[in-house]
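In this text, residue positions in the sequence shown follow the working numbering: the first is 147, and each later residue adds one. All C-beta atoms, glycine included, are put in the ideal place defined by N, C-alpha and C. Structure record follows, encoded as structure tokens.
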Amino acid sequence: MSFPVIKKASYILVNTPDMILQNGTTQTLERETNPSSEYLVEIKNHIRPFNEVVAYAPNQTYIGNMLPEELSKRPRPWHQEAVANADRYGKYGEIMPQDEFYGLMKLSDVFNLLLLEKSFTAHVKEKFLAHPILKDKAEALGEGDEIDTIKNMVDNHIAEGLYQDGKLVGCVKRAHEFDKNLTSHIMLENIAVKASGVLALMNLAKNMDIPVEEVEYLIECSEEAVGDMNQRGGGNIAKAAGEIAGFKGATGSDMRGFCAAPSHALITAASLVKSGVYKNVVIFAGGATAKLGMNGKDHVKKGLPVLEDCLGGFAILISENDGVNPVLRTDIVGRHTIGHGASPQAVLEALVLDPLDKSGLKITDVDKFAPEMQTPDLTEPAGAGDVPTQNYKMIGALAVKKGQLDRKDLPQFVIDHGYPGFAPTQGHIPSGVPIIGHGVDRILEGKLKNFMVIGKGSLFLGRMTNLFDGVSILVEKNSGKTEEANAVSKEEIKSMVADAMAEFAKHLMEQ
């Protein structure tokens with residue numbers, strides 16, 4: 147069977163220290179409910195500088211400068227040991243500083259809602275000119291605005307401030323005087339997710355082996371809902387971001403499913419390509435400002451840096467089978483149905499055991515699993531533990547239960563079949579997809595034969611259902627065969643049609 151392939155993946159991080167304080171939900175809620183909070187004073191002493199963010203080993207792993215296997219050998223906690231000679235640019239993407247991101251947000255704003263102060267704009271222009279994929283965009287930033295204009299809008303609650311090192315340098319205006327869905331706070335969230343998605347798309351387009359115009363469909367799968375008072379989640383970030391990133395030949399839509407959305411999007415993209423509807427589909431997502439410093443109270447309480455200091459993003463190109471790149475096995479898909487229970491065992495049986503069983507595979511036949519890839523440095527201080535390792539243990543326990551693995555081999559199973567978590571806690575960002583860049587490379591190098599992407603989501607957060615969610619798909623080495631062995635070629639079809647027409651004509655003449 148000719149399955150679609152994963153051709154390329156990009157991963158980006160955006161370090162946003164001031165946005166942690168101004169836009170992270172934990173901090174904004176604390177400011178509203180307890181403005182004299184000691185936490186709000188103390189958190190400023192726990193913000194990492196950009197060079198430390200770049201030198202953080204999980205971040206280097208996320209953008210492709212370090213292998214997950216290398217990360218697993220480093221002593222924990224990882225924030226205590228900087229990576230030597232760390233580079234902000236990686237094989238898969240980059241780590242962008244906040245000032246440049248404000249400039250990218252400005253480029254992504256098509257309604258003149260975002261203002262940047264004149265001298266700050268000039269500063270960002272200089273940085274754009276040195277940036278490998280933004281150097282041609284510098285002049286599009288314009289000349290900037292007067293700081294008095296910006297300050298007046300922020301003081302009168304018409305706009306949300308943008309800060310650099312605690313200093314006001316810009317703002318995002320509300321898009322409507324009365325519409326609560328177009329407030330300045332929400333517009334800032336939406337422009338930020340759009341801009342970080344644009345950055346992921348631009349990094350994907352760089353050195354892509356097909357012209358960007360040949361991408362026909364975009365699926366955006368973050369957790370933001372763009373809309374107004376009449377349609378709160380109407381969308382469409384996919385086309386909005388594609389417009390800025392230069393994907394002129396594509397249409398697209400948004401897909402939502404909390405943390406599981408990227409895996410839903412991956413399966414949907416694979417299905418669209420497999421069916422022949424589109425030849426090239428890109429799935430992508432930007433980051434969520436609300437989740438910046440989400441566990442900040444626990445980090446500060448334990449004397450740690452506020453480690454949730456980056457927006458995350460990714461983009462993945464899915465194309466027709468080229469006989470080379472790893473294939474998406476659309477016939478080995480796990481799904482957590484409405485009828486499944488919500489226990490961890492029931493979820494993993496649905497997402498891992500059931501699809502493998504149906505295909506005659508064992509759990510131990512899968513080289514690597516990628517469930518929830520949160521960095522444990524971020525989650526352990528908050529009491530959530532090492533989430534990826536917990537998942538690997540449960541998957542291994544299922545293998546033991548099914549007689550596919552000896553109980554004594556369970557600890558080794560966790561090491562052999564899992565990767566350490568290296569993704570930011572941005573909800574949808576850690577859920578399965580971080581493995582794709584490294585996994586595809588390892589398959590092409592002959593070091594893996596397959597891996598499984600597992601997306602899980604908490605639908606109950608929306609207060610519409612108590613249900614859990616999840617889907618999974620197996621990615622494996624390409625056999626090199628792009629057509630089914632028994633498939634009929636185009637030339638054979640033409641010959642058959644010609645023979646049938648000739649036979650029909652002969653029949654008519656005999657009448």
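Discussion item. Buried or exposed for G458, going by 16 or more other Cβ atoms inside 10 Å?
Written reply: Working through the sequence shown from its first residue, we reach residue 458 at position 312. Counting of Cβ neighbours within 10 angstroms places G458 among the buried residues, the total reaching 16 or more.
Practice prompt. State buried or exposed for T179, treating a residue as buried only when at least 16 other CB atoms are found within 10 Å of its CB.
Written response: Position 33 of the sequence shown, counting from 1, holds the residue named residue 179. Counting the other CB atoms within 10 Å of its CB gives T179 a total below 16, which places it among the exposed residues.
Practice prompt. Please go through the same chain and pick out, in chain order, the residues whose beta-carbon is closer than 6 Å to the beta-carbon of T100, but skip the five residues on each side of it.
Written response: Residue 100 is absent from the model: the chain starts at 147 and stops at 657.
Practice prompt. Tell me, please, which residues DSSP counts as bridged to R481.
Written response: Looking up residue 481 in the sequence shown gives position 335. For R481, which the question treats as bridged, DSSP gives the partners V617.
Worksheet entry | Reduced DSSP category for F324 - H, G, I as helix; E, B as strand; rest coil | The residue given as residue 324 occupies position 178 in the sequence shown. Of the three classes helix, strand and coil, the one that applies to F324 here is coil, per DSSP.
Worksheet item: Which residues mark the beginning and the end of the beta strand (DSSP E) in which K602 is found?
Response: On the sequence shown, position 456 is the one that residue 602 refers to. First-last of the beta strand (DSSP E) with K602: N596 to G603.
Item to complete: Reducing DSSP to helix, strand and coil, say where A284 ends up.
Response: For the purposes of this step, residue 284 is taken as the residue at position 138 of the sequence shown. Note: A284 maps to helix in three-state DSSP.
Worksheet item: Under three-state DSSP, which class holds A488?
Response: As a first step, residue 488 must be located in the sequence shown, where it is residue number 342. The answer is coil: DSSP assigns A488 none of H, G, I, E or B.
Worksheet entry | Burial state of Q226, where buried means 16 or more other Cβ atoms lie within 10 Å | What you label residue 226 is simply residue 80 of the sequence shown in a count that begins at 1. Its Cβ having fewer than 16 others within 10 Å, Q226 is exposed.
Worksheet item: CA-CA distance, A631 and S148?
Response: Within the sequence shown, numbered from 1, the residue matching residue 631 stands at position 485. Within the sequence shown, numbered from 1, the residue matching residue 148 stands at position 2. Residue placement at A631 cannot be trusted, given a pLDDT of 37 that sits under 50; the coordinates are not used to answer.
Discussion item. Check whether the stretch 195 to 206 and the stretch 164 to 175 are in contact - that is, three or more C-beta pairs closer than 8 Å.
Written reply: No, the stretch 195 to 206 does not touch the stretch 164 to 175.
Worksheet item: Going along the chain, which residues of its own chain have a beta-carbon closer than 7 Å to the beta-carbon of G626, five neighbours each way excluded?
Response: Residue mapping note: residue 626 aligns to position 480 of the sequence shown, counting from 1. Close CB contacts of G626 within its chain, under the 7 Å cut and outside five residues either way in sequence, are with G469 (chain order).
Discussion item. Measuring only the C-alpha atoms, how far is K153 from I464?
Written reply: Counting from 1 along the sequence shown, the entry for residue 153 is found at position 7. Counting from 1 along the sequence shown, the entry for residue 464 is found at position 318. Counting only the Cα atoms, I464 lies some 6 Å from K153.
Worksheet item: Is the beta carbon of D532 sitting closer than 8 Å to the one on G567?
Response: Taking the sequence shown and counting its residues from 1, one reaches residue 532 at position 386. Taking the sequence shown and counting its residues from 1, one reaches residue 567 at position 421. Against a cut-off of 8 Å, the Cβ pair of G567 and D532 comes out as a contact.
Fill in: For K420, the three-state DSSP class (helix, strand or coil)
Here residue 420 is taken as the residue at index 274 of the sequence shown, counted from 1. Three-state result, K420: helix.
Practice prompt. Pull up the distance between the alpha-carbon of I478 and that of V599, whole angstroms please.
Written response: Walking along the sequence shown from the start, residue 478 turns up at place 332. Walking along the sequence shown from the start, residue 599 turns up at place 453. In a straight line, the C-alpha of I478 is about 11 Å away from that of V599.
Fill in: Where the alpha helix (DSSP H) containing S330 begins and where it ends
As a working note, residue 330 is residue 184 in the sequence shown. For S330, the uninterrupted alpha helix (DSSP H) segment begins and ends at S330 to A351.
Worksheet item: What three-state label does DSSP hand V427 in the structure shown?
Response: Translated into the one-based positions of the sequence shown, residue 427 becomes position 281. V427: strand per DSSP, three-state reduction.
Worksheet entry | For V560, the nearest candidate out of K514, A321 and T571 (CA to CA) | Sequence index remark: in the sequence shown, residue 560 carries index 414 (1-based). Closest by C-alpha distance to V560, out of K514, A321 and T571, is K514.
Discussion item. Which of the three DSSP states is assigned to R234 in this structure?
Written reply: Taking the first residue of the sequence shown as 1, we reach residue 234 at position 88. DSSP places R234 outside both helix and strand once states are collapsed to three, so it counts as coil.
Discussion item. In whole angstroms, give me the CA-to-CA distance for D511 and H584.
Written reply: Here residue 511 is taken as the residue at index 365 of the sequence shown, counted from 1. Here residue 584 is taken as the residue at index 438 of the sequence shown, counted from 1. Taking the straight line joining both Cα atoms gives about 19 Å.
Worksheet item: Is the stretch 411 to 424 close to the stretch 362 to 373, with three or more CB pairs under 8 Å?
Response: Flag = yes, the stretch 411 to 424 and the stretch 362 to 373 touch.
Discussion item. Let's see if you can read the secondary structure: which residues bound the beta strand (DSSP E) around Y309?
Written reply: Residue numbering aside, residue 309 sits at position 163 when the sequence shown is read from its first letter. Segment A305 to Q310, the beta strand (DSSP E) holding Y309.
Practice prompt. Assign K420 to one of two classes, buried (16 or more other C-beta atoms within 10 Å of its C-beta) or exposed (fewer than that).
Written response: In the sequence shown, residue 420 corresponds to position 274, counting from 1. Around the Cβ of K420, a 10 Å sphere holds 16 or more other Cβ atoms; the residue is buried.
Practice prompt. Output yes or no for whether 8 Å exceeds the beta carbon distance between L347 and F430.
Written response: The residue given as residue 347 occupies position 201 in the sequence shown. The residue given as residue 430 occupies position 284 in the sequence shown. With a cutoff of 8 Å on beta-carbon distance, L347 and F430 are scored as near each other.
Worksheet entry | Spatial distance of G307 from K319 (CA atoms) | For the purposes of this step, residue 307 is taken as residue 161 along the sequence shown, with counting starting at 1. For the purposes of this step, residue 319 is taken as residue 173 along the sequence shown, with counting starting at 1. Taking the straight line from one Cα to the other gives about 9 Å.
Discussion item. Helix, strand or coil, according to DSSP, for R609 in the structure here?
Written reply: Taking the first residue of the sequence shown as position 1, residue 609 is located at position 463. If DSSP states are grouped into helix, strand and coil, R609 belongs with coil.
Discussion item. Taking its Cβ as the centre, do 16 or more other Cβ atoms sit within 10 Å of G592, making it buried, or is it exposed?
Written reply: Residue 592 sits at position 446 when you count from the first residue of the sequence shown. Exposed, since its Cβ has fewer than 16 Cβ neighbours within 10 Å.
Worksheet item: So, is N426 buried or exposed, given that buried needs 16 or more other C-beta atoms within 10 angstroms?
Response: Reading the sequence shown from its first residue, position 280 is the one you call residue 426. With 16 or more other CB atoms across the displayed protein chains lying within 10 angstroms of its CB, N426 is buried.
Discussion item. Suppose you measure from the CA of P534 to the CA of G601; what does that come to, to the nearest Å?
Written reply: Taking the first residue of the sequence shown as position 1, residue 534 is located at position 388. Taking the first residue of the sequence shown as position 1, residue 601 is located at position 455. So the alpha carbons of these two residues sit roughly 12 Å apart.
Worksheet entry | Neighbourhood of A633 by C-beta, 6 Å cutoff - its chain only, sequence neighbours within 5 removed | Against the sequence shown, residue 633 aligns to sequence position 487. Interpretation of A633 is limited by its pLDDT of 48, a score under 50 that renders its predicted location unreliable; no figure is taken from the coordinates.
Discussion item. Suppose you measure from the CA of Q572 to the CA of D294; what does that come to, to the nearest Å?
Written reply: Counting from one through the sequence shown, the residue named residue 572 turns up at place 426. Counting from one through the sequence shown, the residue named residue 294 turns up at place 148. Taking the CA atoms as reference points, Q572 sits about 34 Å from D294.
Worksheet item: Where does the unbroken alpha helix (DSSP H) through I582 begin, and where does it stop?
Response: In the sequence shown, residue 582 corresponds to position 436, counting from 1. For I582, the uninterrupted alpha helix (DSSP H) segment begins and ends at I581 to L590.
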